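From first to last, the protein sequence lines stand for chains A and B. Under this note's numbering, residues 1 to 585 are what the first sequence spells out, in order. Under this note's numbering, residues 1001 to 1585 are what the second sequence spells out, in order. Here a beta-carbon is modelled for each residue, glycine too, at the ideal position from N, C-alpha and C. Please read all numbers here as calculations on a predicted model, not as lab measurements. What follows is one structure encoded as structure tokens, with my remarks underneath.
Number of protein chains: 2
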Amino acid sequence: MKFSKYYCPTLKEDPQDAEVISHKLLIRAGMIRKLTSGIYTFLPMGLRVLRKISDIVREEMDKAGCLEIMMPVVQPAELWQESKRWDYYGKELLRFKDRHERDFCLGPTHEEVVTDIVRHEVRSYRQLPLNLYQIHTKFRDEIRPRFGLMRCREFIMKDGYSFDRDDRGAEESYKKMYNAYSKIFERMGLRFRAVEADTGQIGGSLSHEFMVLAETGEDTIVVCQNCDFASNIEKAKVVLKEKSNDRKTQENSLKLEKIYTPDKHTVEDVANFLNVSKNDIVKTLIYIINNEPVAFVIPGDRDLNEAKVKSFLKVPEIRMASPDEVYNISGCEVGYAGPIGLKVKKIYVDALLEGKKGLICGANEKDYHLKNLDINEHIKDAVFLDLVNIKQSDPCPVCGGELKFLKGIEVGHVFKLGTKYSEAMNATYIDADGKEKYMVMGCYGIGVSRIIAAAIEQNYDKNGIIFPPSIAPFEVCIASLDVKDDRVMKVSKDLYDTLIKLNIDVIWDERDLRPGFKFKDADLIGFPIHIYVGKKGLANGYIEVKDRKDGKVYQISHDKFITQFKEIRNRIWESWGIPLNIKAG
Amino acid sequence: MKFSKYYCPTLKEDPQDAEVISHKLLIRAGMIRKLTSGIYTFLPMGLRVLRKISDIVREEMDKAGCLEIMMPVVQPAELWQESKRWDYYGKELLRFKDRHERDFCLGPTHEEVVTDIVRHEVRSYRQLPLNLYQIHTKFRDEIRPRFGLMRCREFIMKDGYSFDRDDRGAEESYKKMYNAYSKIFERMGLRFRAVEADTGQIGGSLSHEFMVLAETGEDTIVVCQNCDFASNIEKAKVVLKEKSNDRKTQENSLKLEKIYTPDKHTVEDVANFLNVSKNDIVKTLIYIINNEPVAFVIPGDRDLNEAKVKSFLKVPEIRMASPDEVYNISGCEVGYAGPIGLKVKKIYVDALLEGKKGLICGANEKDYHLKNLDINEHIKDAVFLDLVNIKQSDPCPVCGGELKFLKGIEVGHVFKLGTKYSEAMNATYIDADGKEKYMVMGCYGIGVSRIIAAAIEQNYDKNGIIFPPSIAPFEVCIASLDVKDDRVMKVSKDLYDTLIKLNIDVIWDERDLRPGFKFKDADLIGFPIHIYVGKKGLANGYIEVKDRKDGKVYQISHDKFITQFKEIRNRIWESWGIPLNIKAG
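The following block contains the structure:
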């Protein structure tokens, strides 16, 4: 491709509405353009990256024995009603009516559609296992789309679905996909971790997220320094260090006693005022769930983990009560709610508090708290659950070892669904024993367009994007530094033709522009390898090659160029940890 | 690909809801499955065909210097309001609101979006011409989706848009696309014609449709036997053979006279009753357009061409008046309407009738007609337009030669848009003379998923589909006829491996099934070349090769197989008229 014939409108300035680096760079590098909130057009350069990512995904899926199909974007309500998700799924499911007033939605995921296909076609165990996938457009009506390709409304996803005879088969399919996903992200040159994850609106019994590690990641990952444990913070179970020795479980139960805490609304204020530690206090949080008030009682030094709440209660959405609602429920303003005498439907207590005594809580009366709270004695019908976020100082829930927190961007997610959808939609087969059984399902997603953003969040510098060579729009950019010079143009053209023959993906910047401009564009767009052909270099017998990642520039003798270029190229691929045998070159 | 690992659920019976052959065969061959009315899933075999078609389109677009982008499926109302199509476009434009109650639609076409992109990026004439295309999902909420992939609601289209400095540039872009389209359909092995066409809801000044010729086609094509004239019947202008000599223009004008025509509702009845020819009578058709009644007066032996009406009046939808409305407007029941005294906003008269006298028309009174109608004299404010369908007996509007009617399926459409969208949306650039000018646009569509149906309508027999080799899901099917026989399986496997090495797209039917079953599936799915490896053949030293199209079976000596197979293969490609140098093989 010649740069002058290409359409890549690069910009000098950051776009005003871009908050994260990948969003800024994708716009500046002329890869995407916003159509409206959370909806983007891919320009030629961006589409090439998307295509390369899709191709890697497709190759690994096919190698793993999956079969590609293409399901519709527009889905009829009936299927979602059958699975009960029409009501369960929140407002992210964009619903509408067609000209005949029939209900439809834009597919945010395709469990219903694929299960509908398979239940009509598969009759016998001989047709199983079956693993179908697609790479296609999805839509989620995010309440606040942001961060460019990171959290869009319309996006490209690879979603795959496995159908097995039994749990053992489903387990194997899951492992196969887990391994294929690891391979995929390795081939893309990304540093990532697979972590245990919450199953969210998809459901199922087990799931792992594939996280690209980046400081700007929205997700927090908890990894153990001692064992293999790695989990999304949303999912990580909290266990106590030495529960049995805990002072607060040994004390005698005393009578509740009201104490005056004027103007002390927060745990911190109360702790300072009473000169106690924050975990001598409990927080009582009032939420509205399914239109009813419920309370969560957690240690004063912890945060409620909403993902755990949604998962345990199997609800798609929860929200904190408003100040007015708090007033109606607790009888006083925000800051003094406590579990005693609260008008709520249910009180959930964090498991860390089970059996504890001598705690301080709100008195449901302005300027007052209660002391001597005995959780098990005083809170009637308390339900104990793991409700809070793990802290880096907590022990590993598996081995008790030390934990470390990392930041990550979710780019893949595998779920063991079990029979959730096959039971709801009656997807059965006749087994070898002649009995009708439910198929056991798994589902597997990769955020294809999101990977572009994640790759950039992980790989950039002040000059622009640094693309891994396997997913760069072009692997090599040849910049002719003196376009008026015949020799420069001839050498450039020869090089360009040679690289094309070697099946190397190359763009030739032959635009009539100053060299500085070309350096800047090549850096900004993030081509992994730059070749500079200039008058001065040729006069001295060399051509320059730059590794975009480490910035090193190699002066290579013109007459030995191709051999030495190949060596440098190999080293660059290796430095990204991308298996060289994958890319022919 | 091994057949046993593939997912291709073939059916013995035709699906009940399928009306046309391509729909029946696509379902029976396990290529597509209906999700809901007009919305289909592509199963693996169908997706392969779609992919091959897309690849050919993409290659030819890229060769023609077009650049691929990907625009969103979901589009904001604002852009459509700017172009005025939000109101103009009919109910096929599926409109909905997002969670924030903002208006959106599902894109049936992308003129607005692409113009919006280009107007923000292109400033100077140096950036022109520009030709952007995509291959992506589109949605049109058809009132009556039918015929499988022929008239879906959700479908895959290639749509491209050119931007030029001036008319001459736009002309060149148009020609380039016209030629690329011809190349594309040639490479697909389809018999087609490019014809003049109506510009419909897209607009513009000139357009051609690419029609795949098939008896089952919904469109009628008019071609001249003498000159190059070829047109969709919707567009073909009607001219008289010898207008000046026409009897009806020579007569004297007489006074209108009421005649009794009891129970004669139709032109045919009246002609027989009065013993005149049908074209001595005029038909008066009452329509409702933009909520107002209008009348069309046309020769009694002609049919109104609604496409011409919509095009001349620039309205997206028109409908015939209901019997009740006819009663209100004409003062009597259906069958006696005439132009004299009709309560309509406007009367349009077919140009063939201009200057004619002595005609018969309805009297707007039950059981009566009028005679001596003098069109120019009696119909006040008549607007003369070309309103009717051309007939095969009419002269060619260009050279007067003889016409022929053909049936076709529209698979491509090119439009010269001019400045329709650039003016409405203010897409300008600064020309070399420093002046701000509107870009001149063209747009170009190919019905990628529809081509599958069109190819089948043109190429099938009683046993199933006959795919052209360039777009077949697999070019070759090796069927092992005796799977229990080690030699058969070894030879099959070797052949399979060899063809893969030759880069030939092959599926190996190694399923444990009777040969008859395999023959039937291979015929039904329409693989162009079948290879049969059987015990009996091998014992006699041969392997069989079948050309799906002509049914010929070649017995090829096992030891010279590859050489002779290549020759047969070349002949088969040639027989489809597909340039061999395109397909490496």
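> Once you ignore the five residues that flank V1398(B) on each side, which residues in its own chain have a CB closer than 6 Å to its CB?
Replying inline: In the second sequence, counting from the first residue as 1, residue 1398(B) sits at position 398. Only C1227 and F1229 meet the Cβ criterion.
>> Helix, strand or coil for K1138(B)? Go by DSSP, reduced to three states.
In response: Here residue 1138(B) is taken as the residue at index 138 of the second sequence, counted from 1. Looking at K1138(B) - three-state DSSP - the assignment turns out to be strand.
> Within the 8 Å Cβ cut-off, does T1010(B) reach chain A?
Replying inline: Locating residue 1010(B) in the second sequence gives position 10, where the first residue counts as 1. It does not; no Cβ of chain A falls within 8 Å.
> What residues of chain B sit near A160(A), judged by a beta carbon separation below 8 Å?
Replying inline: Here residue 160(A) refers to the residue found at position 160 when the first sequence is read from its first residue. For clarity, residue 160(A) is Gly in the given sequence; the question names Ala instead. Near G160(A) there are no residues of chain B at all, since even the closest Cβ is about 13 Å away, more than 8 Å.
>> Please give me, in chain order, every unbroken run of the beta strand (DSSP E) with length at least 3 that falls completely inside the stretch 42-129 of chain A.
In response: 74-76, 95-97 and 103-106
>> Quick check on K583(A) - is its C-beta less than 8 Å from some C-beta in chain B?
In response: The residue labelled residue 583(A) in the question sits at position 583 within the first sequence. Low confidence applies here, because K583(A) scores a pLDDT of 47, under 50, leaving its location unreliable; read the following figure in that light. Judged by the 8 Å Cβ criterion, K583(A) is not in contact with chain B.
> Which residues share a DSSP beta bridge with I428(A)?
Replying inline: Taking the first sequence and counting its residues from 1, one reaches residue 428(A) at position 428. The residue you asked about is not Ile; residue 428(A) is Thr in the sequence shown. Paired residues: Y438(A).
> Going by DSSP, which residues form a beta bridge with C1361(B)?
Replying inline: Here residue 1361(B) refers to the residue found at position 361 when the second sequence is read from its first residue. Looking at the DSSP assignment, C1361(B) forms a beta bridge with L1370(B).
> With 16 other CB atoms within 10 Å as the buried threshold, where does D461(A) fall?
Replying inline: Position 461 of the first sequence, counted from the start, is the residue given in the question as residue 461(A). With fewer than 16 other Cβ atoms within 10 Å, it is exposed.
> Starting from Q555(A) and walking both ways along the beta strand (DSSP E), at which residues does that stretch end?
Replying inline: In the first sequence, the residue the question calls residue 555(A) occupies position 555. Here the beta strand (DSSP E) through Q555(A) covers V553 to S557.
> What residues in the stretch 1031-1064 of chain B bring their beta carbon closer than 9 Å to a beta carbon of chain A?
Replying inline: R1033, L1035, T1036, S1037, I1039, Y1040, T1041, F1042, L1043, P1044, G1046, L1047, R1048, L1050 and R1051
> Are any of the Cβ atoms in chain A nearer than 8 Å to that of M1211(B)?
Replying inline: Residue 1211(B) sits at position 211 when you count from the first residue of the second sequence. M1211(B) does not count as touching chain A.
> chain B beta carbons: is any one of them nearer than 8 Å to that of E317(A)?
Replying inline: Looking up residue 317(A) in the first sequence gives position 317. No, its Cβ sits nowhere closer than 8 Å to a Cβ of chain B.
>> Does chain B have any CB closer than 8 Å to the CB of R394(A)?
In response: Walking along the first sequence from the start, residue 394(A) turns up at place 394. One point to set straight first is that residue 394(A) is Asp, not Arg, in the sequence displayed. No, because no Cβ of chain B sits closer than 8 Å to the Cβ of D394(A).
> How big is the Cα-Cα spacing for L11(A) and F1163(B)?
Replying inline: Start at 1 with the first residue of the first sequence, and residue 11(A) comes out as number 11. Start at 1 with the first residue of the second sequence, and residue 1163(B) comes out as number 163. Those two C-alpha atoms are separated by around 21 Å.
> Is it buried or exposed for A1432(B), if we count other Cβ within 10 angstroms and need 16 for buried?
Replying inline: Taking the second sequence and counting its residues from 1, the one referred to as residue 1432(B) is at position 432. By the 10 Å Cβ count, A1432(B) comes out exposed.
> Taking the DSSP output, what are the residues bridged to W1508(B)?
Replying inline: The count along the second sequence starts at 1 and reaches residue 1508(B) at position 508. Paired residues: K1002(B) and I1478(B).
> Quick one: is D1550(B) buried, meaning 16 or more other Cβ sit within 10 Å of its Cβ, or exposed?
Replying inline: Here the question's residue 1550(B) lines up with position 550 in the second sequence. Exposed: under 16 other Cβ atoms inside 10 Å.
> Comparing alpha-carbon positions, which option in C152(A), V49(A), M157(A) and D167(A) lies nearest K437(A)?
Replying inline: In the first sequence, the residue the question calls residue 437(A) occupies position 437. Comparing Cα positions, the closest option is D167(A).
> What is the C-beta distance between Y1133(B) and V1414(B), in whole angstroms, given that I count them as a contact (C-beta under 8 Å)?
Replying inline: Taking the first residue of the second sequence as 1, we reach residue 1133(B) at position 133. Taking the first residue of the second sequence as 1, we reach residue 1414(B) at position 414. Y1133(B) to V1414(B), Cβ: 12 Å. No contact.
>> Just checking: is the beta-carbon of F1099(B) within a distance shorter than 8 Å of some beta-carbon in chain A?
In response: Stepping through the second sequence from its first residue, residue 1099(B) is reached at position 99. At residue 1099(B) the sequence reads Arg, which differs from the Phe that was named. At least one chain A Cβ lies under 8 Å of R1099(B).
> Where does Y7(A) sit, in a helix, a strand or coil, going by DSSP?
Replying inline: Taking the first sequence and counting its residues from 1, the one referred to as residue 7(A) is at position 7. Coil, per DSSP.
> Between the stretch 81-110 of chain A and chain B, which residues of the former have CB atoms less than 9 Å from a CB of the latter, in chain order?
Replying inline: K91, E92, L94, R95, F96, K97, D98, R99, H100, R102, F104 and L106
> Roughly how many angstroms separate the alpha carbons of F192(A) and K404(A), rounded to a whole number?
Replying inline: The count along the first sequence starts at 1 and reaches residue 192(A) at position 192. The count along the first sequence starts at 1 and reaches residue 404(A) at position 404. Straight-line Cα distance between these residues: approximately 15 Å.
> Just curious, the beta strand (DSSP E) that V294(A) is in, first and last residue?
Replying inline: Counting from one through the first sequence, the residue named residue 294(A) turns up at place 294. Unbroken beta strand (DSSP E) run through V294(A): E292 to P299.
> With a CB to CB cut of under 7 Å and the five nearest residues on each side skipped, what residues in its chain are close to P15(A)?
Replying inline: Against the first sequence, residue 15(A) aligns to sequence position 15. Cβ neighbours of P15(A) beyond the five flanking positions: K24 and I27.
> Along the chain, which unbroken stretches of the alpha helix (DSSP H) at least 4 residues long are found entirely within the stretch 1230-1276 of chain B?
Replying inline: 1247-1250 and 1267-1274
> Distance, Cα to Cα, R58(A) vs V49(A)?
Replying inline: On the first sequence, residue 58(A) is found 58 positions in, with the first residue counted as 1. On the first sequence, residue 49(A) is found 49 positions in, with the first residue counted as 1. Rounded to whole angstroms, R58(A) to V49(A) spans 14 Å at the Cα level.
>> Under 7 Å, CB to CB, which of the residues in the stretch 473-506 of chain A have a partner in chain B?
In response: none
> Could you give the distance in angstroms between the alpha-carbon of E1111(B) and the alpha-carbon of Y1421(B)?
Replying inline: Within the second sequence, the letter at position 111 stands for residue 1111(B). Within the second sequence, the letter at position 421 stands for residue 1421(B). Straight-line Cα distance between these residues: approximately 7 Å.
> Closest Cβ-Cβ distance between L132(A) and chain B: below 8 Å?
Replying inline: Looking up residue 132(A) in the first sequence gives position 132. L132(A) counts as touching chain B.
>> Tell me the DSSP secondary structure of D14(A) in three-state form.
In response: Taking the first sequence and counting its residues from 1, the one referred to as residue 14(A) is at position 14. Coil at D14(A), not helix or strand.
> With K970(B) and V1448(B) assumed to form a contact (beta carbons below 8 Å), what rounded beta-carbon distance in angstroms separates them?
Replying inline: Nothing can be reported for residue 970(B): it is not among the residues displayed for chain B, which extend from 1001 to 1585.
>> Across the stretch 532-548 of chain A and the stretch 475-487 of chain A, are there enough close Cβ pairs to call them in contact, namely three or more that are closer than 8 Å?
In response: yes
> For E60(A) versus K183(A), is the C-beta distance shorter than 8 Å?
Replying inline: Translated into the one-based positions of the first sequence, residue 60(A) becomes position 60. Translated into the one-based positions of the first sequence, residue 183(A) becomes position 183. Closer than 8 Å, so yes.
> If G338(A) and G362(A) are in contact, beta carbons under 8 Å, what's the gap, nearest whole angstrom?
Replying inline: Taking the first sequence and counting its residues from 1, one reaches residue 338(A) at position 338. Taking the first sequence and counting its residues from 1, one reaches residue 362(A) at position 362. Yes, they are in contact, since the Cβ atoms of G338(A) and G362(A) sit about 3 Å apart, within 8 Å.
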